[in-house]
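Counting with the UniProt record's numbering, you get residues 1 to 288 for the letters of the sequence shown. Below is one structure, written out as structure tokens, with a few remarks after it.
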Amino acid sequence: MKMREFEGQTEATDGEGEDVNANKRVKVGGCESHCEVCNEEAAMRCVPCEILCCERHGKPHKQKGHKVVEPGVDVEEPRCTEHGNSVNFYCKDDENLVCLMCTVEQHKGHHVVPVELAHAEFKGILAAKCSPLIESIKEVGSQIQQVQQEVEDTELSGTESEERIEEERREMYRAVDEKVNRMKSWLSERQRVKLSHLEHQKQNLQHKMDSLCETESTLKASLKELESVSFLEGYKDLLHRLESRSHFTTTEPPPLRLLDFPVMEQNVDSLIQLNENLLKEIESKSQN
1 MKMREFEGQT EATDGEGEDV NANKRVKVGG CESHCEVCNE EAAMRCVPCE
51 ILCCERHGKP HKQKGHKVVE PGVDVEEPRC TEHGNSVNFY CKDDENLVCL
101 MCTVEQHKGH HVVPVELAHA EFKGILAAKC SPLIESIKEV GSQIQQVQQE
151 VEDTELSGTE SEERIEEERR EMYRAVDEKV NRMKSWLSER QRVKLSHLEH
201 QKQNLQHKMD SLCETESTLK ASLKELESVS FLEGYKDLLH RLESRSHFTT
251 TEPPPLRLLD FPVMEQNVDS LIQLNENLLK EIESKSQN
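Have a look at this one:
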């Protein structure tokens, strides 16, 4: 029988390195609840060492980074697939966990360290990655804020542009409506003036027509007169009436150009062109 030091304690082992008290220890699912070093009430179980400890004797296990659980918790400890032993070492050359037998067989001569040392070393490597990771998180967070600000600015700019375009559209329509109303008012007034003139002209012509028809009737009656004395009595007056109406058949007076529709068409064309120019201006502003 040999003695081995275990977490600062001395334990008895047989010639093969096996703990002679192993059969007395609580394995996974065991029911013993006393510290295996001092026999006080157990507060934890060290999984890799397979030992129950009180708070005082469990402290060294915690400091070494051993996995500790409550005494009654059933935890399956990883074991070597080759030998079935606990994996208490780490091979840096092959980057995997190994047991004690592996270190003297297939991993003999390799850079093998206890899992506690590998744990501390790799933990330090990962800890060194924290600062760059935090900086990257801050940088990406700042970029997200910038993009979000651009999103908000773009939405606000789009809303303002739409409102501005809508106001320009209303202003353009107001200008077009005012122009159209002025043109319609001008047309209505010119139409009224010309219709009044034409009505007056029509009345004058109708008056002349009535007078001519009356003279024609008198002339026909005179030409049918057979009595010489009666004919001569009315001849002078009838001749005078015929001569005084001879200017009725003269040239017709020129028509009044009170409604100049070609000019109005030009005004409409200019209004259409103004509308197109305003639309192009609004489109140009919206693209900017």
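All residues carry an ideal CB built from backbone N, CA and C; glycine is no exception. Please read these numbers as outputs of a predicted model, since none were measured by experiment.
Short Cβ contact (8 Å threshold) for residue i with residue j
i      : j      : result
GLY65  : GLU116 : yes
PHE89  : THR103 : yes
ALA42  : CYS49  : no
VAL68  : CYS46  : yes
HIS61  : CYS38  : no
MET101 : HIS119 : no
Expected contact under 8 Å - CB spacing of residue i and residue j to nearest Å
i      : j      : result
LEU238 : SER222 : 6 Å
ILE51  : GLU36  : 5 Å
PRO78  : MET44  : The pair is not a contact, with the Cβ atoms about 19 Å apart (cut-off 8 Å).
CYS91  : HIS107 : 5 Å
Residue i versus residue j: straight-line alpha-carbon distance, rounded
i      : j      : result
GLU95  : HIS111 : 10 Å
VAL98  : PRO114 : 9 Å
GLU162 : LEU187 : 37 Å
GLU227 : SER217 : 18 Å
MET183 : GLN203 : 30 Å
CYS213 : GLU276 : 60 Å
LYS138 : ASP93  : 36 Å
CYS80  : GLY141 : 44 Å
GLY29  : SER86  : Since pLDDT at GLY29 reaches only 42, below the 50 mark, its modelled position is unreliable, and the value read off the structure follows with that caveat. Rounded to whole angstroms, GLY29 to SER86 spans 17 Å at the Cα level.
PRO132 : VAL151 : 28 Å
GLN191 : GLU167 : 36 Å
HIS34  : ALA127 : 37 Å
VAL176 : GLU189 : 20 Å
GLY158 : GLN149 : 14 Å
MET172 : VAL147 : 36 Å
ASP153 : GLU160 : 10 Å
GLN273 : GLU199 : 38 Å
GLU233 : ASP210 : 24 Å
ARG174 : SER244 : 60 Å
GLN206 : LYS280 : 57 Å
GLU155 : GLN63  : 57 Å
LYS236 : LEU219 : 12 Å
GLY124 : LYS59  : 22 Å
GLN201 : THR215 : 21 Å
VAL229 : HIS240 : 18 Å
GLN145 : GLY109 : 54 Å
Cut-off 6 Å between Cβ atoms - residues of its own chain near residue i, not counting five sequence neighbours on either side
i      : result
PHE231 : GLU225
GLU55  : ALA43
ASN181 : none
SER185 : none
Check: residue i C-beta below 7 Å from any heavy atom of the ligand NAP
i     : result
ASP93 : This structure does not include the ligand NAP; it has no bound ligands of any sort.
Own chain residues within Cβ distance below 7 Å of residue i, not counting five before or after
i      : result
GLN143 : none
GLU105 : none
### Task
Please go through the region 38-62 and give each complete beta strand (DSSP E) segment of 3 or more residues, from N-terminal end onward.
44-46, 51-53
### Message
For a minimum of 3 consecutive residues, which ranges assigned as the beta strand (DSSP E) are wholly contained in the region 78-105?
### Response
89-91, 96-98
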